[in-house]
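A short worksheet on the structure shown next.
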Amino acid sequence: MKNTVIVTPGRTRAISRLNPLIDVICEHAGWDADLLNDPAGIRRIQELTNDPAWCADSLNAGDRLREYLARTDRETVVLDVDGILATPVRDEYACQSHYHGPEYVAAHR
């Protein structure tokens, strides 16, 4: 597996696909797959993850982003993580318990 990471402009942190922060990023209204600026890569992941067998195993908000990071040829993906996290949490995560990586967490804002 590749070690593609998310980097944030102006910050020194790198977020790997195994980091539970991936789920938190994807729970926010500011997250959109178009931010990856890779239409072909996004389409490939959407085709893969639209399989009902895959969906049955998908428990985390960040699963599709993790798949993207595992399969892309890019070494780094630049996202404004702080900007995404400054947006509201989507209703489905604010109102229901869910997973952050392997950890089950209560609904949160």
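Taken in order, the sequence shown gives residues 2 to 110; the numbers are from the numbering used here. Think of the CB as a built atom: it goes at the ideal place given N, C-alpha and C, for glycine as much as any other residue.
Minimum Cα-Cα distance from V78 among the listed residues L66, Y94, A30, P89 corresponds to L66. Counting only residues of its own chain and dropping the five nearest sequence neighbours on each side, Q97 has a CB closer than 8 Å to the CB of A108. The three-state secondary structure of T5, taken from DSSP, is coil. Setting aside the 5 residues that flank it on each side, T88 is surrounded in the same chain by H29, A30, G31, each with a C-beta closer than 7 Å to its C-beta; the list follows chain order. The beta carbon of P21 is closer than 6 Å to those of H101, G102 in its chain, skipping five residues each way along the sequence. DSSP places E93 outside any beta strand (DSSP E); the residue lies instead in the alpha helix (DSSP H), whose first and last residues are 92–96.
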